[in-house]
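*Asks:*
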Amino acid sequence: MPDEATPASKKLLDKIRQSGAKVPSLWRLEVANSMNTALRRKRITQSFRDDTLADLLLLDIRIDPETDKTAWSDTLVLADRHGLTLYDAAYLELALREKLPLATLDAKLITAAAAESVTVVL
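If you want the numbering used here, it's the position in the sequence shown, counting the first as 1, plus 879.
1. Just to confirm the assignment: which complete alpha helix (DSSP H) runs, minimum length 4, are found wholly within the segment 941–994?
2. Excluding the five sequence neighbours on either side, which residues of its own chain have a C-beta within less than 6 Å of the C-beta of Leu957, listed in chain order?
3. Are there 16 or more other CB atoms within 10 angstroms of the CB of Ile923, so buried, or fewer, so exposed?
4. My assumption, with CB atoms under 8 Å, is that Ala982 sits in contact with Val997. Please give the rounded CB distance.
5. Identify the continuous alpha helix (DSSP H) that holds Ala911 and give its terminal residues.
6. With a Cβ-Cβ cutoff of 7 Å, do Leu935 and Ile895 count as a contact?
7. In this structure, does DSSP put Ala887 in helix, strand or coil?
8. By how many angstroms is the C-alpha of Leu918 removed from the C-alpha of Pro980?
9. Along the chain, where does the alpha helix (DSSP H) containing Arg922 start, and where does it finish?
10. Look at the Cβ atom of Leu963, then the Cβ atom of Ala993, and state whether they are nearer than 7 Å.
11. According to DSSP, which residues form a beta bridge with Val876?
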C-alpha cells in the first residue's frame, strides 16, 4: 500500500525486478484480497488497485505448483509448530523446500523463519 512503502520494501521490489521471486499458489488471492480490502476501506482507489495488479503481472513472479500438495503435511506441521496461519506457513514451507530467503514484515513469521534457519529479507 502506498502508505506502507519503506526504503527496505522498495529495495526488495528492485531485487524482484532483477531476479524474480517464487510464491505459494495462494499469493494472487492474497494480493487481490488485500487490494480489495484497502479499496473498501478507501485506502486506495480502484485505479490504483488495477494498475498495481497490472504492474505485478510484469514481474517475474513464479507460482509454486506444489503448495497444495504440502498443505496437509509439511505446511500444517509448520503452522502447528509455530502457531502460524496455514497461509503464512505456506510461505515458510516454500522457503524451506526451495532453500529461498523469505520476504516478510510479520513478526510471528520472522520468529518462525529464524527457528527454521530460513533467512529473512526486509
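Ideal Cβ placement from N, Cα and C applies to all residues, glycine included.
It should be emphasised that the depicted structure is a prediction, and the values quoted were computed from it without experimental measurement.
*Replies:* Put simply:
1. Taking 4 residues as the minimum length, the alpha helix (DSSP H) runs contained wholly in the segment 941–994 are 946–949, 953–961, 965–977 and 986–994, in order along the chain.
2. Locating residue 957 in the sequence shown gives position 78, counting from the first residue. Apart from sequence neighbours up to five positions away, the residues of its chain that approach Leu957 with a beta-carbon distance below 6 Å are Ala968, Leu971 and Glu972, ordered along the chain.
3. To locate residue 923, count along the sequence shown from 1; it is residue 44. The residue is buried, with at least 16 neighbouring Cβ atoms inside 10 Å.
4. Residue 982 sits at position 103 when you count from the first residue of the sequence shown. Residue 997 sits at position 118 when you count from the first residue of the sequence shown. Not a contact, Cβ separation roughly 11 Å.
5. Position 32 of the sequence shown, counted from the start, is the residue given in the question as residue 911. For Ala911, the enclosing alpha helix (DSSP H) starts and ends at Trp906 to Arg919.
6. Stepping through the sequence shown from its first residue, residue 935 is reached at position 56. Stepping through the sequence shown from its first residue, residue 895 is reached at position 16. With respect to the 7 Å criterion, Leu935 and Ile895 are not classified as neighbours on the basis of their beta carbons.
7. Mapped onto the sequence shown, residue 887 falls at position 8. Residue state, collapsed to three classes: helix.
8. Along the sequence shown, read from residue 1 onward, the residue named residue 980 stands at position 101. Along the sequence shown, read from residue 1 onward, the residue named residue 918 stands at position 39. For Pro980 and Leu918, the distance between alpha carbons rounds to 30 Å.
9. Translated into positions along the sequence shown, residue 922 becomes position 43. From DSSP, Arg922 is part of no alpha helix (DSSP H); its letter is neither H nor E.
10. Residue numbering aside, residue 963 sits at position 84 when the sequence shown is read from its first letter. Residue numbering aside, residue 993 sits at position 114 when the sequence shown is read from its first letter. Ala993 sits away from Leu963, with the two beta carbons spaced by 7 Å or more.
11. The requested residue 876 is not part of the displayed model; the chain covers only 880 to 1001.
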